[in-house]
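Asks: Protein chains in written order, with our numbering: chain B, 1 to 331; chain W, 1001 to 1444. We treat Cβ as the ideally placed atom computed from N, Cα and C, and that holds for glycine. Everything numeric in this text was worked out from a predicted model, so none of it was measured. Got a structure for you, written out below as structure tokens; questions coming shortly.
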Amino acid sequence: MSGVNALWQAILVLVGGGAVGFLYKGLDRKLAARLQGRIGPPLRQPVLDVVKLLSKENIVPGTAVPWLFRAAPFLALVAATTALLYLPVGSLRPVLSGYGDLVLLLYLLAVPALAMALGGFASGSPYAVVGAQREIVMMMSYEFPLAIAAVGIAWRLATLGLSPAFSLATIAANPLWGLVGPLGWIGLLFLFVALLAVTPAELSKIPFDIPEAETEIAGGLLVEYSGANLALFYLADVIKTVVIAALVVALFIPYGIAAPLGVDGVGGQVLDLAFFLVKLFGVIFVAVTVVRVAFARLKVDQVARFYLLPTTLLALAGLFLLVLDKVVMGA
Amino acid sequence: MREKVKPEEMAEANERAPACSTCFEVPIGPIHPALKEGIRFTFWIEGERIRKVDIRPGFMHRGIEFMGTKRNLIQVLYLAERICGICSISHPLAIVQAVEQAAGIEVPPRAQYIRVIIGELERIHSHLLWAGVAAHELGFDTLLHYVWKVREPVLDLLEDLTGNRINYAIPIYGGVRRDVPPEKYPVLKNALRYYRSLVDDFVNFFLRDPSIEARTRGVGVLTREEADSLCAVGPTARASGLRKDVRQDWPYFAYPDLGVRAITPEDMGLEVQGDVYDRIVVRLLEVVQSIEIIERCLEEMPDGEIIAFPKVAALLAHLKKAEGEGIGRHEAPRGEVIHYIRLQADEEAPVVWKVKAPTYSNLMPWYPMFRDQEIADIPIVAASIDPCICCMERVQIVRGGREETLWKEQLLELSWAKTRRIVRGLGPSHVTRRASRGGADERR
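Structure (structure tokens):
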């Protein structure tokens, strides 16, 4: 792959990812509103929000650590967009495939949250500090089941002799559901549910929006952010939503429809891309929109307990079943 | 002479709180998304736990009592209606009782029933409003939108009966200004049937929802003893197991005939825990109770006059001649509201008008409720007494452009001075007027 070609692809993925992110953000808000019996904002509202934020004054509070306060939104956005380049889009290989794998992606996913916590600590507001502490506690709780789900899949692929097992291209090209026995199938289902449960927390959405908790700590981490800096965090959130959904799709539902329908060439790729977008939407709708409409906000100890006990146990059970499956299947 | 409380003594009072070296201070308010009106909480937080709280009201004082003493009693009635936007009939209902007592006015029985009907409809809409706010404080906006949507029919009904969604302008000294004619009974009964049919939904959405239970069970506990000794009123007291309700203890209007009984969680077969969950239970049961009361009113309401003085001029003339004092109490949706009024012959305006809104009595119970709770509990615990800060604010002392706080000793001094003045026959008006005007000093 030539350098120029890769550059073009990267730009295409970033712009496309951003556009899709805005579209899904708008859809999420609209559908949540309809589920709540409201009319909701127009689809382009997220774009309008960012445009407006960019035109607003960018205030750095006097008690903040200025360079860290300004750096945090950039860090979040850069990490989120970089993660976008490691994800397979439809039947296309990730732009940066070969330069990093699933483990790198997990780290990249953790960076925006860490950046937000840093920005919170740096902003010198008690609300932001409380929010940052909550973000860190929440991360420590949900990272474990997330890692189990990712590693479980890669390990099973490796036992099947596929390599590089940790490459997302390999994972997306070889859906595990068809390669494992019934035990592994149940295990995969467990891991899938665990990953879906982690999704709203990754995105700080109700019931896990405790780092921002509008009615409690007035926006928490983001309380001191305004103007362009807030817009950057908003963008990072928009893109991270796509990244998480794409990760769920790549790990668990990487199927295309072009091959079963017998369409190939460019037409097939377009068809797969469209199907991919539908799958993304499905994941976002189920794991974010419906969940945030159906629950009240939990407290930090309840969030930690939820991830450390039931979710982790579920993920561990899934991993255990995959191991059993390997023993039974013998391959 | 009056002694100033020294700063050292204040510091000493602060030190009485449990020492906490790792605490940091989190101010909530006067402007904060968890609060609908201005009041300031200062929390000392250790980790996520509240170790100490200080509550400072005084941001919303509007001097309504003072304005009242400059207007004639009919105008005062309209002012009273505007003390609170949510319980906008509770204050008029209390002040008409006070004035009727002071001026010796008899009220026709039908008017008493109509007052009860409007008052109970207000309780329904107020409790629904509260349920929505509580859901929002818990981060459950879906429930907020649902509850506020089903609250609309009762507001429409009130508009149909009185002409307004809020500020109904129905009670007047000696009766009510508008009848509820028999043609309206079907509309009323339809609305009541609608709310009856919703009760099961409410029980499911609020009381059987695991995420709401997780956020409200064992949160903001007020024990029965604390509720009693801190004089909590309304649903806050009843949720702690205190059967305390003006409608039951000192029945007025048509309530003696209706036999209202104060509601506690025990009525739903639950053990009283005095937490936020119990406060939801009590308010839910009170909506059902209000529906029953209105249904009985419609059955038992006698025909006849609705007002003692059909002409306002005649009423004003009667009130101008009246001399004496009266106390009106009404069980507002948030608890007992009390109006005290003192009339003097040949004075159109009341000499003294004193208002005590229910939130005033429910401020102190906040202290035990907040004890050892988490930051995440602050909004729901604060909202659980259904605070009405504007209605509660009674005084704000500003001297020379600077705010001042009166401490317990100074307040005691002031109340002794007031008692002395009353004994000498000068009346307590001095203090009321001076305090509202902004000088609480005792110059005469």
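1) Using a Cβ cut-off of 7 Å, pull out every chain W residue sitting near residue 36 of chain B, in sequence order please.
2) When the Cα atoms are used, what is the spatial distance from residue 162 of chain B to residue 151 of chain B?
3) Name the chain W residues that come within less than 7 Å of residue 215 of chain B, Cβ to Cβ?
4) Is the CB of residue 54 of chain B under 8 Å away from at least one CB in chain W?
5) Restricting to runs no shorter than 4 residues, where is the alpha helix (DSSP H) found entirely within the segment 165-204 of chain B?
6) Could you spell out where the beta strand (DSSP E) holding residue 1028 of chain W opens and where it closes?
7) From the DSSP output, in three-state form, read off residue 1171 of chain W for me.
8) DSSP three-state call for residue 1371 of chain W: helix, strand or coil?
9) Check for me: the beta strand (DSSP E) holding residue 1054 of chain W runs from which residue to which?
10) Examine chain B for any beta-carbon lying closer than 8 Å to the beta-carbon of residue 1051 of chain W, and answer yes or no.
11) For the ligand COA, is there any heavy atom lying closer than 7 Å to the beta carbon of residue 1202 of chain W?
12) Quick check on residue 1292 of chain W: does DSSP put it in helix, strand or coil?
13) In the DSSP output, what is residue 1343 of chain W paired with across the bridge?
14) Does the separation of the CB atoms of residue 1094 of chain W and residue 1337 of chain W fall below 8 Å?
15) Taking 8 Å as the threshold (beta carbon to beta carbon), is residue 44 of chain B in contact with chain W?
16) Who does residue 1332 of chain W pair with in a DSSP beta bridge?
17) Sorted by chain position, which residues of the same chain lie with C-beta nearer than 7 Å to residue 1081 of chain W's C-beta, five sequence neighbours on each side aside?
18) Return helix, strand or coil for residue 1397 of chain W, following the three-state DSSP convention.
19) Express the C-alpha separation of residue 1232 of chain W and residue 1362 of chain W in angstroms, rounding to a whole number.
20) Taking the straight line between their C-alpha atoms, what separation do you get for residue 1344 of chain W and residue 1300 of chain W?
21) Could you spell out the range, first to last residue, of the beta strand (DSSP E) harbouring residue 1042 of chain W?
22) Hey, which unbroken runs of the beta strand (DSSP E) at 3 residues or more fall wholly within the segment 131-160 of chain B?
23) Per the DSSP calculation, residue 1130 of chain W is bridged to which residue(s)?
24) Whether or not the segment 236-243 of chain B and the segment 21-36 of chain B are in contact is what I'm after, with contact meaning three or more pairs of Cβ atoms, one per stretch, closer than 8 Å; do they touch?
25) So, does the CB of residue 1026 of chain W fall closer than 8 Å to a CB anywhere in chain B?
26) Can you find a CB in chain W that lies within less than 8 Å of the CB of residue 298 of chain B?
27) Does the beta carbon of residue 1214 of chain W sit closer than 8 Å to a beta carbon anywhere in chain A?
28) Helix, strand or coil, according to DSSP, for residue 1081 of chain W in the structure here?
29) Mind checking residue 1007 of chain W: buried by the 16 CB within 10 Å criterion, or exposed?
30) List the residues of chain W whose Cβ lies closer than 7 Å to the Cβ of residue 285 of chain B, in chain order.
31) So, for residue 1215 of chain W: in the same chain, excluding its five sequence neighbours on each side, which residues have a beta-carbon less than 6 Å away from its beta-carbon?
32) Select from W:1392, W:1393, W:1418 and W:1386 the residue whose C-alpha is nearest the C-alpha of residue 1034 of chain W.
33) Is it right to say residue 88 of chain B is buried, meaning 16 or more other beta carbons lie within 10 angstroms of its own, or is it exposed?
34) Check whether the segment 1377-1386 of chain W touches the segment 1350-1368 of chain W, counting contact only when three or more Cβ pairs, one atom from each stretch, lie closer than 8 Å.
35) Could one say the Cβ of residue 274 of chain B lies closer than 8 Å to chain W's Cβ atoms, at least one of them?
36) Do you know how far the Cα of residue 1314 of chain W is from the Cα of residue 1280 of chain W?
Replies: Answer, in terms of the structure:
1) Here residue 36 of chain B refers to the residue found at position 36 of the first sequence. Scanning chain W for C-beta atoms nearer than 7 Å to the C-beta of residue 36 of chain B yields 1141, 1142 and 1145, reported in chain order.
2) Start at 1 with the first residue of the first sequence, and residue 162 of chain B comes out as number 162. Start at 1 with the first residue of the first sequence, and residue 151 of chain B comes out as number 151. Going from the Cα of residue 162 of chain B to the Cα of residue 151 of chain B covers about 14 Å.
3) The count along the first sequence starts at 1 and reaches residue 215 of chain B at position 215. The answer, in chain order, is 1033, 1034, 1136, 1137, 1139 and 1379.
4) Position 54 of the first sequence, counted from the start, is the residue given in the question as residue 54 of chain B. When Cβ-Cβ separations below 8 Å define contact, residue 54 of chain B makes no contact with chain W.
5) With a minimum length of 4 residues, the continuous alpha helix (DSSP H) runs that stay inside the segment 165-204 of chain B are 168-173 and 182-202.
6) In the second sequence, counting from the first residue as 1, residue 1028 of chain W sits at position 28. Where residue 1028 of chain W is concerned, the enclosing beta strand (DSSP E) stretches over 1024-1028.
7) The residue given as residue 1171 of chain W occupies position 171 in the second sequence. It is a strand residue.
8) The residue given as residue 1371 of chain W occupies position 371 in the second sequence. DSSP places residue 1371 of chain W in coil when its eight states are reduced to three.
9) Working through the second sequence from its first residue, we reach residue 1054 of chain W at position 54. DSSP places residue 1054 of chain W in the uninterrupted beta strand (DSSP E) bounded by 1049-1056.
10) As a first step, residue 1051 of chain W must be located in the second sequence, where it is residue number 51. Not closer than 8 Å to any Cβ of chain B, the Cβ of residue 1051 of chain W fails to qualify, so no.
11) As for the ligand COA, it is missing from this structure, which has no ligand bound.
12) Here the question's residue 1292 of chain W lines up with position 292 in the second sequence. Reduced to three states, the DSSP call for residue 1292 of chain W is helix.
13) The residue you call residue 1343 of chain W lines up with position 343 of the second sequence. DSSP lists W:1324 as the beta-bridge partner residues of residue 1343 of chain W.
14) To locate residue 1094 of chain W, count along the second sequence from 1; it is residue 94. To locate residue 1337 of chain W, count along the second sequence from 1; it is residue 337. Cβ atoms of residue 1094 of chain W and residue 1337 of chain W: closer than 8 Å.
15) Here residue 44 of chain B is taken as the residue at index 44 of the first sequence, counted from 1. Residue 44 of chain B does not count as touching chain W.
16) For this step, residue 1332 of chain W is matched to residue 332 along the second sequence. Answer is W:1335, bridged to residue 1332 of chain W.
17) Taking the second sequence and counting its residues from 1, the one referred to as residue 1081 of chain W is at position 81. Excluding residues within five positions, the ones whose Cβ falls inside 7 Å are 1088, 1091, 1092, 1167 and 1169.
18) Residue mapping note: residue 1397 of chain W aligns to position 397 of the second sequence, counting from 1. Assigned with DSSP and collapsed to three states, residue 1397 of chain W falls in strand.
19) Indexing the second sequence from 1 puts residue 1362 of chain W at position 362. Indexing the second sequence from 1 puts residue 1232 of chain W at position 232. Looking at the two C-alpha atoms, the distance is approximately 5 Å.
20) Translated into the one-based positions of the second sequence, residue 1344 of chain W becomes position 344. Translated into the one-based positions of the second sequence, residue 1300 of chain W becomes position 300. Between the alpha carbons of residue 1344 of chain W and residue 1300 of chain W lies a distance of about 38 Å.
21) Along the second sequence, one-based indexing puts residue 1042 of chain W at 42. Boundaries of the beta strand (DSSP E) around residue 1042 of chain W: 1040-1046.
22) For secondary structure counted as the beta strand (DSSP E) over 3 or more consecutive residues, the segment 131-160 of chain B holds no complete run.
23) Translated into positions along the second sequence, residue 1130 of chain W becomes position 130. As DSSP reads the structure, residue 1130 of chain W sits in no beta bridge.
24) Under the three-pair Cβ rule at 8 Å, the segment 21-36 of chain B counts as touching the segment 236-243 of chain B.
25) Translated into positions along the second sequence, residue 1026 of chain W becomes position 26. Yes, because at least one Cβ of chain B sits closer than 8 Å to the Cβ of residue 1026 of chain W.
26) By one-based count along the first sequence, residue 298 of chain B stands at place 298. At least one CB of chain W lies nearer than 8 Å to the CB of residue 298 of chain B.
27) Among the protein chains of the structure shown, namely B and W, there is no chain A.
28) By 1-based counting over the second sequence, the position of residue 1081 of chain W is 81. The answer is helix: DSSP assigns residue 1081 of chain W an H, G or I state.
29) The count along the second sequence starts at 1 and reaches residue 1007 of chain W at position 7. Low local confidence applies: a pLDDT of 49 at residue 1007 of chain W is under 50, so the model's placement there is unreliable, with the coordinate-based value given in what follows. Exposed, by the Cβ-count rule.
30) In the first sequence, counting from the first residue as 1, residue 285 of chain B sits at position 285. Chain W residues near residue 285 of chain B: none, gap ~15 Å exceeds 7 Å.
31) Here the question's residue 1215 of chain W lines up with position 215 in the second sequence. Contacts found: 1138.
32) Here residue 1034 of chain W refers to the residue found at position 34 when the second sequence is read from its first residue. Closest option to residue 1034 of chain W, Cα to Cα, is W:1386.
33) Residue 88 of chain B sits at position 88 when you count from the first residue of the first sequence. Counting every other CB atom within 10 Å of its CB across the protein chains shown gives residue 88 of chain B a total of 16 or more, marking it as buried.
34) With three or more CB-CB distances shorter than 8 Å, the segment 1377-1386 of chain W counts as touching the segment 1350-1368 of chain W.
35) Residue 274 of chain B sits at position 274 when you count from the first residue of the first sequence. False, the Cβ-Cβ gap to chain W never drops below 8 Å.
36) Locating residue 1280 of chain W in the second sequence gives position 280, counting from the first residue. Locating residue 1314 of chain W in the second sequence gives position 314, counting from the first residue. Between residue 1280 of chain W and residue 1314 of chain W, the C-alpha separation is close to 46 Å.
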